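Shown next, in structure tokens, is the structure this report addresses.
Number of protein chains: 4
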Amino acid sequence: MGRKPDALRERLRQERRREILAAAGRIFAQKGFEKATTREIAALAGIAEGTIYNYFQGKRDLLISLLGSLVTESLQEALTAELFNLDEQSFLANLIGRRLESITSNADMLLVLFQQIMVDDELRRSYFTRVFLPVTTQLEAYFQARMDKGIYRQTNARMVARATVGAFVMNFVVPTILGERAMPGPERKRLAGELVDFLIGGLAPRPAPTGGTALGLREGSKP
Amino acid sequence: MGRKPDALRERLRQERRREILAAAGRIFAQKGFEKATTREIAALAGIAEGTIYNYFQGKRDLLISLLGSLVTESLQEALTAELFNLDEQSFLANLIGRRLESITSNADMLLVLFQQIMVDDELRRSYFTRVFLPVTTQLEAYFQARMDKGIYRQTNARMVARATVGAFVMNFVVPTILGERAMPGPERKRLAGELVDFLIGGLAPRPAPTGGTALGLREGSKP
Amino acid sequence: MGRKPDALRERLRQERRREILAAAGRIFAQKGFEKATTREIAALAGIAEGTIYNYFQGKRDLLISLLGSLVTESLQEALTAELFNLDEQSFLANLIGRRLESITSNADMLLVLFQQIMVDDELRRSYFTRVFLPVTTQLEAYFQARMDKGIYRQTNARMVARATVGAFVMNFVVPTILGERAMPGPERKRLAGELVDFLIGGLAPRPAPTGGTALGLREGSKP
Amino acid sequence: MGRKPDALRERLRQERRREILAAAGRIFAQKGFEKATTREIAALAGIAEGTIYNYFQGKRDLLISLLGSLVTESLQEALTAELFNLDEQSFLANLIGRRLESITSNADMLLVLFQQIMVDDELRRSYFTRVFLPVTTQLEAYFQARMDKGIYRQTNARMVARATVGAFVMNFVVPTILGERAMPGPERKRLAGELVDFLIGGLAPRPAPTGGTALGLREGSKP
DNA sequence: TATGAATGAGCATTCATTCAT
DNA sequence: TATGAATGAATGCTCATTCAT
Numbered sequence: 378m379g380r381k382p383d384a385l386r387e388r389l390r391q392e393r394r395r396e397i398l399a400a401a402g403r404i405f406a407q408k409g410f411e412k413a414t415t416r417e418i419a420a421l422a423g424i425a426e427g428t429i430y431n432y433f434q435g436k437r438d439l440l441i442s443l444l445g446s447l448v449t450e451s452l453q454e455a456l457t458a459e460l461f462n463l464d465e466q467s468f469l470a471n472l473i474g475r476r477l478e479s480i481t482s483n484a485d486m487l488l489v490l491f492q493q494i495m496v497d498d499e500l501r502r503s504y505f506t507r508v509f510l511p512v513t514t515q516l517e518a519y520f521q522a523r524m525d526k527g528i529y530r531q532t533n534a535r536m537v538a539r540a541t542v543g544a545f546v547m548n549f550v551v552p553t554i555l556g557e558r559a560m561p562g563p564e565r566k567r568l569a570g571e572l573v574d575f576l577i578g579g580l581a582p583r584p585a586p587t588g589g590t591a592l593g594l595r596e597g598s599k600p
Numbered sequence: 378m379g380r381k382p383d384a385l386r387e388r389l390r391q392e393r394r395r396e397i398l399a400a401a402g403r404i405f406a407q408k409g410f411e412k413a414t415t416r417e418i419a420a421l422a423g424i425a426e427g428t429i430y431n432y433f434q435g436k437r438d439l440l441i442s443l444l445g446s447l448v449t450e451s452l453q454e455a456l457t458a459e460l461f462n463l464d465e466q467s468f469l470a471n472l473i474g475r476r477l478e479s480i481t482s483n484a485d486m487l488l489v490l491f492q493q494i495m496v497d498d499e500l501r502r503s504y505f506t507r508v509f510l511p512v513t514t515q516l517e518a519y520f521q522a523r524m525d526k527g528i529y530r531q532t533n534a535r536m537v538a539r540a541t542v543g544a545f546v547m548n549f550v551v552p553t554i555l556g557e558r559a560m561p562g563p564e565r566k567r568l569a570g571e572l573v574d575f576l577i578g579g580l581a582p583r584p585a586p587t588g589g590t591a592l593g594l595r596e597g598s599k600p
Numbered sequence: 378m379g380r381k382p383d384a385l386r387e388r389l390r391q392e393r394r395r396e397i398l399a400a401a402g403r404i405f406a407q408k409g410f411e412k413a414t415t416r417e418i419a420a421l422a423g424i425a426e427g428t429i430y431n432y433f434q435g436k437r438d439l440l441i442s443l444l445g446s447l448v449t450e451s452l453q454e455a456l457t458a459e460l461f462n463l464d465e466q467s468f469l470a471n472l473i474g475r476r477l478e479s480i481t482s483n484a485d486m487l488l489v490l491f492q493q494i495m496v497d498d499e500l501r502r503s504y505f506t507r508v509f510l511p512v513t514t515q516l517e518a519y520f521q522a523r524m525d526k527g528i529y530r531q532t533n534a535r536m537v538a539r540a541t542v543g544a545f546v547m548n549f550v551v552p553t554i555l556g557e558r559a560m561p562g563p564e565r566k567r568l569a570g571e572l573v574d575f576l577i578g579g580l581a582p583r584p585a586p587t588g589g590t591a592l593g594l595r596e597g598s599k600p
Numbered sequence: 378m379g380r381k382p383d384a385l386r387e388r389l390r391q392e393r394r395r396e397i398l399a400a401a402g403r404i405f406a407q408k409g410f411e412k413a414t415t416r417e418i419a420a421l422a423g424i425a426e427g428t429i430y431n432y433f434q435g436k437r438d439l440l441i442s443l444l445g446s447l448v449t450e451s452l453q454e455a456l457t458a459e460l461f462n463l464d465e466q467s468f469l470a471n472l473i474g475r476r477l478e479s480i481t482s483n484a485d486m487l488l489v490l491f492q493q494i495m496v497d498d499e500l501r502r503s504y505f506t507r508v509f510l511p512v513t514t515q516l517e518a519y520f521q522a523r524m525d526k527g528i529y530r531q532t533n534a535r536m537v538a539r540a541t542v543g544a545f546v547m548n549f550v551v552p553t554i555l556g557e558r559a560m561p562g563p564e565r566k567r568l569a570g571e572l573v574d575f576l577i578g579g580l581a582p583r584p585a586p587t588g589g590t591a592l593g594l595r596e597g598s599k600p
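Protein chains in written order, with our numbering: chain V, 378 to 600; chain X, 378 to 600; chain E, 378 to 600; chain S, 378 to 600.
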């Protein structure tokens, strides 16, 4: 019966799947969902057009699967355990400066997603529950915990979480998308610091009598 | 044979243009740019398909012209003179609570814009220079002025401006788009207040007991 | 407004519709429904492919409309008033030899119809109610009337009507379709006569004592 | 290494062939030839798609082979020796009521055949020589023999044979196909009787009072 | 022989745009 | 200017068939 062992077969299948998805991601990001053609995707993946349909239901399924990839690959790891052990600034700095940076690399893909989210109700629901809510909810939980410990003053944690993400996106992602010339690393770092400063400054329950620029918030999180 | 005076003729022409543009806006927002058809737009505008081409170069031109409308209609008035005479909280509260609220009504359209911005370089440049930069620059100027006066502590005003917009968008616009159920007016108002508080809290040069500018939010997160 | 008068416009439209339908009929008959391509139909009609869709909903709609044409063009006239005034043999001879002969010319088209009738429930229902039932019912009514008058002996008129059609089809239509070489006119005529003889022979209430070959059925339809 | 004896091997091969053919028949009848997919056929047969091609040349070959099956399985036995020993009515009644009834069960398949017969010349020739001619010829021979013996009056035996088949098909097969609700057994039987009566009535050489062969249907259509 | 992944030609349909009236 | 019929390029998807294992 000349069969490949099932394990190998499955591995190859997954590999192929990933290749197609990668190609689709590239083309989608480049042309937008509607303008992208399955022809092009197949060409980039180095396969025949029909082969796509052995792995995916159709063009739209490619986008949905891509959404799944984004979820598992980059966003879910946004708040790992280690992060929670850092002090406040470091946490946010890391979150913004390192973790969420992964968003930047997927920025065009994310935008493509937003394209379709406007139009496709199911996709919208899916994105909302699988990406937006989890991420903001985790961040919200983080802020809430800090507030409860008195490290931050009590306010609407969800609002803070969303504002944080928005502030980040508008400073780092949007300008890139809109074509502002790329920021050099150091400036990028400085900007991240300033943003953290700005955000934390507003959270400090009691600005230290003589703090530096912004935040003397570490002393006395509990009297 | 009873020619209309040029002035009237021109007025009618402008009127027709606006009607078509309005129809296009509705359809674009509803279906997305690619899915929208000129047939539908013409139908909604109550004209024949071909007539569109007497007023616009083509479908893409409709979108570009729509961008122009957005600029003049809603965004440029974001920072009017009167606003500058309000005190700090009121200013931001107004900005967020009233002015930028107009964004919400155009949210669909703006998203459609973003769709195409990803794909269309000219549109992107146009949007960047005509909308994004003006708005953030104005806001930046406002913050800079306040900083120079010592009302806010000195920091990166541009960053603050963008963060402010981002925080707003992520709290008010995105959830709406993603389909979170609509917020009732009072809650909406409260959220806006909390957001302003959060933003200003971080801007106050020295949130000492002597509440200078704005917010009495610093006293006692824990008694 | 440079309009063609509505009447002319409508006439042209109908004309074009007919042309497309004729082309579709030819191609369908030649290749079968599934194998026929809109490209070919458009080419034969001398129009662009897209134009078809200005007149019809799609390929299937072409077939359905064709069914409508068949109904109005050939089958409804199968039993006209004049026919009813002929004597019995003449009636059947005419019916078979002249009227139903039109079926032959549409034979391939009818077969295409049967193709799809197997597969398309709506088409089947449509054909059943719009073609099969009317034709057989009319014929049945004819036979019933003759039976009631005593011209034919009393039996199941519907069965007789259907048997008549079947006998005709199997002798004239099917052999043609299956590729038996075409019958010369005279032979055709003779066969029709024999068939009528055969059919009527079975209907005669009282076979004349000394009839010729087959039918002495005219004398004494009423004592 | 344990080769199967050729005989067994061959038997298994034939078995497999039959399974595939049966599956193809089911699917063809259900969906029509063009709409049927090899994937479905393979699935129903419980084999892989590629395996079909170890037994058949391709999809079209399935149909042609199916034609062969029909010939040998059902149609050739239409006129078996035993039948010839029955009296006239019984013969026809049997032929119609029992033998040709098998057509009904294969009606779907036969229609599918007709589909392709329109389009495929080779298939048409094959069907004509292998099915249509044999059946009608046999029947024709039967009628001719009866005519020669004086049991039926002399007329065109081929025409009678075809008319008989057509009358049967139009009364029993076509209505079923077209979706008329199924006839209950008794009614079915009665209809068959009426049809035979009708057919034989026309065949009786001299329907004199002295009912020769079969049917007492000539006496008194009106008292 | 059996498998099923890969293939790629082929097709119905859509839709922005043109242009004769 | 307004119209809307005509256009035809472009595209997602299907499916019979091949072939390496």
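Ideal Cβ placement from N, Cα and C applies to all residues, glycine included. Keep in mind it's a predicted model, so treat the numbers as computed, not measured.
Q.
Quick check on E499/E: does DSSP put it in helix, strand or coil?
A. Here E499/E sits in helix by DSSP.
**Q.** Close beta carbons around S442/E, own chain, < 7 Å, minus the five adjacent residues each side
**A.** Excluding residues within five positions, the ones whose Cβ falls inside 7 Å are L398 and F433.
Q. Could one say the Cβ of A540/V lies closer than 8 Å to chain X's Cβ atoms, at least one of them?
A. Closer than 8 Å: yes.
Q: Kindly say whether D485/S, judged by its beta-carbon, lies nearer than 8 Å to any beta-carbon of chain E.
A: At least one chain E Cβ lies under 8 Å of D485/S.
Q. Three or more beta-carbon pairs under 8 Å between the stretch 483-497 of chain E and the stretch 415-428 of chain E, yes or no?
A. No contact exists between the stretch 483-497 of chain E and the stretch 415-428 of chain E.
Q) Along chain V, which residues have their Cβ under 8 Å away from the Cβ of R502/X? A) Per Cβ cutoff of 8 Å: G556.
Q) Whose C-alpha, out of R394/X, G556/X and R501/X, is nearest the C-alpha of T506/V? A) Closest by alpha carbon: G556/X.
Q. Ends of the alpha helix (DSSP H) at I397/X?
A. Per DSSP, I397/X belongs to the alpha helix (DSSP H) from D383 to K408.
Q: Could you check which residue in L444/S, R395/S and R567/S has the C-alpha nearest to that of N483/S?
A: For the residues L444/S, R395/S and R567/S, the minimum Cα distance to N483/S belongs to L444/S.
(Q) Check whether the stretch 496-514 of chain E and the stretch 547-565 of chain S touch, using three or more Cβ-Cβ pairs below 8 Å as the test. (A) Between the stretch 496-514 of chain E and the stretch 547-565 of chain S there are three or more C-beta pairs closer than 8 Å, enough to call the two in contact.
Q) So, helix, strand or coil for E564/E, using DSSP? A) Looking at E564/E - three-state DSSP - the assignment turns out to be helix.
Q: Indicate the three-state DSSP secondary structure (helix, strand or coil) for Y432/V in the structure shown.
A: It is helical.
Q: Could you tell me if L385/S is buried or exposed, where buried requires 16 or more neighbouring beta carbons within 10 angstroms of its beta carbon?
A: Counting C-beta atoms within 10 angstroms of its own C-beta, L385/S has fewer than 16 neighbours from the protein chains shown and is therefore classed as exposed.
Q: Would you mind working out which of A569/E, A544/E and Y519/E sits nearest T532/E, comparing C-alpha positions?
A: When each option's Cα is compared against that of T532/E, the closest is Y519/E.
(Q) Any C-beta of chain E within less than 9 Å: which residues of the stretch 515-537 of chain S qualify? (A) The stretch 515-537 of chain S vs chain E, Cβ under 9 Å: R530, Q531, T532, N533, R535, M536 and V537.
**Q.** Minimum Cβ-Cβ distance from D574/X to chain V less than 8 Å
**A.** True, the Cβ-Cβ gap to chain V drops below 8 Å.
Q. L440/V: buried (16+ other C-beta within 10 angstroms of its C-beta) or exposed?
A. Buried, by the Cβ-count rule.
Q: Go ahead and label D383/X buried or exposed: buried means 16 or more other beta carbons lie within 10 angstroms of its beta carbon, across all protein chains shown.
A: Looking at its Cβ environment, which holds fewer than 16 other Cβ atoms inside 10 Å, D383/X is exposed.
Q.
Please report whether the beta-carbon of V512/X lies at a distance below 8 Å from any beta-carbon of chain V.
A. In terms of beta-carbon proximity, V512/X stays away from the interface with chain V, with every pair separated by 8 Å or more.
Q | CB contact check: I397/V to chain X, cutoff 8 Å | A | No, no contact with chain X.
Q) Do you know how far the Cα of D438/X is from the Cα of L500/X? A) In a straight line, the C-alpha of L500/X is about 10 Å away from that of D438/X.
Q | Close Cβ partners of E396/S (< 7 Å) along its chain, the five nearest in sequence each way excluded | A | Its chain contains A422 as the residues whose beta carbon lies nearer than 7 Å to that of E396/S, once the 5 sequence neighbours on both sides are disregarded; these appear in chain order.
Q: Taking T541/E as part of the alpha helix (DSSP H), name the residues at either end of that continuous run.
A: A534 to F545 is the span of the alpha helix (DSSP H), which, as asked, contains T541/E.
Q) How about F491/X: is its C-beta nearer than 8 Å to some C-beta of chain V? A) So yes, F491/X belongs to the interface.
(Q) Here's a check: name, in chain order, each residue in its chain whose Cβ is nearer than 6 Å to the Cβ of L516/X, leaving out the five neighbours to either side. (A) So the list reads A538, once near-sequence residues are dropped.
Q: Note down the Cα distance separating R393/E from F405/E, rounded to an integer number of angstroms.
A: Roughly 18 Å between the two C-alpha positions.
Q) Within the 8 Å Cβ cut-off, does N431/E reach chain S? A) No, no contact with chain S.
Q. Using the rule of at least 16 other Cβ atoms within 10 Å of the residue's Cβ for burial, across every protein chain shown, is G527/S buried or exposed?
A. It is exposed - the Cβ of G527/S has fewer than 16 other Cβ atoms within 10 Å.
Q. Looking at the C-beta of N548/V, does it have a partner C-beta in chain X at a distance below 8 Å?
A. So yes, N548/V belongs to the interface.
**Q.** For D525/S and E417/E, the rounded distance between their alpha carbons
**A.** E417/E and D525/S have their C-alpha atoms some 54 Å from each other.
Q. Can a CB atom of chain S be found closer than 8 Å to the CB of E571/E?
A. It does: the Cβ of E571/E has a partner Cβ on chain S nearer than 8 Å.
Q: Starting from F505/S, follow the alpha helix (DSSP H) in both directions and report where the run begins and ends.
A: Counting along the chain, F505/S falls outside any alpha helix (DSSP H), and DSSP gives it neither H nor E.
Q: Figure out for me which residue from R530/S, K566/S, A400/S and P561/S has the closest Cα to the Cα of I424/S.
A: Of the residues R530/S, K566/S, A400/S and P561/S, the one whose Cα lies closest to the Cα of I424/S is A400/S.
Q | Span separating the alpha-carbon of A419/S from that of G562/E | A | In a straight line, the C-alpha of A419/S is about 50 Å away from that of G562/E.
**Q.** Where Q493/X falls, given that 16 or more other Cβ within 10 Å makes a residue buried
**A.** Flag for Q493/X reads buried.
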